[in-house]
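Undergrad: Sharing a structure with you now.
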Amino acid sequence: MKLFNFIILLFLLFSSCHHQPDYPSISQTSLSKELIETKADSGLVILLKDNEVVAQINLIWEGGVYKEGNAQTFQIKRDMGTLLSPIYWMEALPPISLQDTVDVGNGIYINKEGKEIRDHNADRGGYGVITAEQVIAFDSKVGITKLMERYGIQPARYSPLEVVEYYNRIAMGDTTLCPGGVMRDIQSVLSKVIAEGTGRNLYREDLPIAGKTGYSEKNVSACVYLSHGNSIYTCLVIISNPKGGYPSGGTMCGDVIKGIINGLSVE
């Protein structure tokens, strides 16, 4: 009997030392805080650990509080804006070179359908001539549009779940998506987004993070991946119609992701 009790005690001690974070709770707490601060209409988080979805949170403003939204939201295809630029990059033939240049001018462009495309810095004069690498790092919607027109790539709609799964496959270096050289270029660019581009809010010297910020109509977004412990985490955050502060995927969605990363430290 004493031996049995001793084994049970060892099991409990071992289990307590390998406590798994409550991923849904961590994600919901971080998202709720940012939605309240930004007075947003809604927001969602999808968190993958390796290839498994460990959290799906969708909150909407209703009746003066944030409530759980429709679970189907994660599967509904939508305009994901500039968050799709790495996916479009994979489709380009011949492959896009990091040093290909694009003239985005003053940040305002009328596309082939006659629709006005504006960069987030159009009111400050735009970026002018930049490389394809800078188009992604600086999140230039005009640059992405011009590259798509140059390579004959058609805009597409993806669900949030499809997008985070794509980024997870990029994190894993899945060369069934594109040739190895193209994959390495994309991974390099996504690292630069965090180190030097619109995702600087997430930069940490002690924790390499790569990913992309995005915006479309009234939504801001960010999707990143990182290695923590023995696992790869991929996280997508979308915030809809934020009304408090300057709309920014890097800042607003980045703050949500930082809260989630901090929560992983208990692992």
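In case it helps, mature numbering (1 follows the signal peptide of the UniProt record, and there is no 0) puts the sequence shown at residues -19 to -1, 1 to 248. Every residue, glycine too, gets a C-beta built ideally from N, C-alpha and C. Fair warning: this is a prediction, and the values are worked out from it, not measured in the lab.
Hey, how far is the Cα of PRO5 from the Cα of LYS199?
TA: Locating residue 5 in the sequence shown gives position 24, where the first residue counts as 1. Locating residue 199 in the sequence shown gives position 218, where the first residue counts as 1. Near 25 Å, if we compare the C-alpha coordinates of LYS199 and PRO5.
Undergrad: Given a cut-off of 9 Å, decide if GLY244 and PRO2 are closer than it, judged by their beta-carbon atoms.
TA: The count along the sequence shown starts at 1 and reaches residue 2 at position 21. The count along the sequence shown starts at 1 and reaches residue 244 at position 263. Yes. Within cutoff.
Undergrad: Hey, ILE117 and VAL83 are a contact pair by Cβ (cut 8 Å); roughly how many whole angstroms apart?
TA: Locating residue 117 in the sequence shown gives position 136, where the first residue counts as 1. Locating residue 83 in the sequence shown gives position 102, where the first residue counts as 1. With a Cβ gap of about 11 Å, ILE117 and VAL83 do not count as contacting.
Undergrad: Give the single residue among GLY44, GLN9, THR63, ASP31 whose Cα lies nearest to the Cα of SER229.
TA: Start at 1 with the first residue of the sequence shown, and residue 229 comes out as number 248. Comparing Cα-Cα distances from SER229 to each of GLY44, GLN9, THR63, ASP31, the minimum goes to THR63.
Undergrad: If you reduce the DSSP assignment to three classes, tell me which class GLY192 lands in.
TA: As a working mapping, residue 192 is identified with position 211 in the sequence shown. GLY192: strand per DSSP, three-state reduction.
Undergrad: Just list the beta strand (DSSP E) runs in the stretch 94 to 134, keeping only unbroken ones of 3 residues or longer that don't cross its boundaries, in chain order.
TA: Runs found: 97 to 99, 110 to 112.
Undergrad: Is the Cβ-Cβ distance between GLU94 and ILE134 less than 9 Å?
TA: Residue mapping note: residue 94 aligns to position 113 of the sequence shown, counting from 1. Residue mapping note: residue 134 aligns to position 153 of the sequence shown, counting from 1. No, the Cβ-Cβ distance between GLU94 and ILE134 is not below 9 Å.
Undergrad: What residue from ALA103, VAL34, SER140 has the CA that sits closest to ILE213's CA?
TA: Numbered from its first residue, the sequence shown carries residue 213 at position 232. Among ALA103, VAL34, SER140, the Cα nearest to that of ILE213 belongs to VAL34.
Undergrad: Does the stretch 146 to 164 come within contact of the stretch 96 to 108, defined as at least 3 CB pairs closer than 8 Å?
TA: no
Undergrad: Starting from GLU72, trace the alpha helix (DSSP H) both ways and give me its first and last residue.
TA: Taking the sequence shown and counting its residues from 1, one reaches residue 72 at position 91. It spans 66 to 72 - the alpha helix (DSSP H) in which GLU72 sits, taken as one unbroken run.
Undergrad: Which whole runs of the beta strand (DSSP E) in the stretch 3 to 38 are 3 residues long or more, in chain order?
TA: 23 to 30
Undergrad: Below 8 Å on the Cβ atoms is my guess for ASP120 versus THR179; work out the distance and round it to an integer in Å.
TA: Working through the sequence shown from its first residue, we reach residue 120 at position 139. Working through the sequence shown from its first residue, we reach residue 179 at position 198. Indeed they touch by this definition, with Cβ atoms about 4 Å apart.
Undergrad: Between the beta-carbon of ILE7 and the beta-carbon of TYR69, is there less than 9 Å?
TA: As a working note, residue 7 is residue 26 in the sequence shown. As a working note, residue 69 is residue 88 in the sequence shown. Contact: no.
Undergrad: Between which two residues does the beta strand (DSSP E) carrying VAL85 extend?
TA: The residue you call residue 85 lines up with position 104 of the sequence shown. VAL85 -> no beta strand (DSSP E), and no H or E assigned at all.
Undergrad: Using the Cα positions of ASN211 and VAL205, report the straight-line distance between them to the nearest angstrom.
TA: Here residue 211 is taken as the residue at index 230 of the sequence shown, counted from 1. Here residue 205 is taken as the residue at index 224 of the sequence shown, counted from 1. For ASN211 and VAL205, the distance between alpha carbons rounds to 17 Å.
Undergrad: Given a cut-off of 9 Å, decide if VAL145 and residue 283 are closer than it, judged by their beta-carbon atoms.
TA: There is no way to answer for residue 283, as the model of the chain reaches only from -19 to 248.
Undergrad: Mind checking which residues open and close the alpha helix (DSSP H) that includes TYR147?
TA: The residue labelled residue 147 in the question sits at position 166 within the sequence shown. For TYR147, the enclosing alpha helix (DSSP H) has its first and last residue at 141 to 152.
Undergrad: Could you give the DSSP three-state label for CYS159: helix, strand or coil?
TA: Your numbering for residue 159 matches position 178 in the sequence shown. Coil, per DSSP.
Undergrad: Taking just the CA atoms, how far does ILE57 sit from LEU142?
TA: For the purposes of this step, residue 142 is taken as residue 161 along the sequence shown, with counting starting at 1. For the purposes of this step, residue 57 is taken as residue 76 along the sequence shown, with counting starting at 1. Cα-Cα distance, rounded: 9 Å.
Undergrad: Using only the alpha-carbon positions, how far apart do SER23 and LYS14 sit?
TA: Position 42 of the sequence shown, counting from 1, holds the residue named residue 23. Position 33 of the sequence shown, counting from 1, holds the residue named residue 14. Roughly 12 Å separates the two Cα atoms.
Undergrad: Report the CB separation of ILE175 from ALA152 in whole angstroms; it is logged as a contact under 8 Å.
TA: On the sequence shown, residue 175 is found 194 positions in, with the first residue counted as 1. On the sequence shown, residue 152 is found 171 positions in, with the first residue counted as 1. Their Cβ separation, rounded to whole angstroms, is 13 Å, which puts ILE175 and ALA152 out of contact at 8 Å.
Undergrad: If you draw a straight line from the C-alpha of GLN9 to the C-alpha of HIS209, how long is it?
TA: Along the sequence shown, one-based indexing puts residue 9 at 28. Along the sequence shown, one-based indexing puts residue 209 at 228. C-alpha separation (whole angstroms): 20 Å.
Undergrad: Quick check on the burial criterion: 16 or more other C-beta atoms within 10 angstroms. Buried or exposed for residue 325?
TA: Shown here, the chain extends from -19 to 248; a query on residue 325 therefore has no answer.
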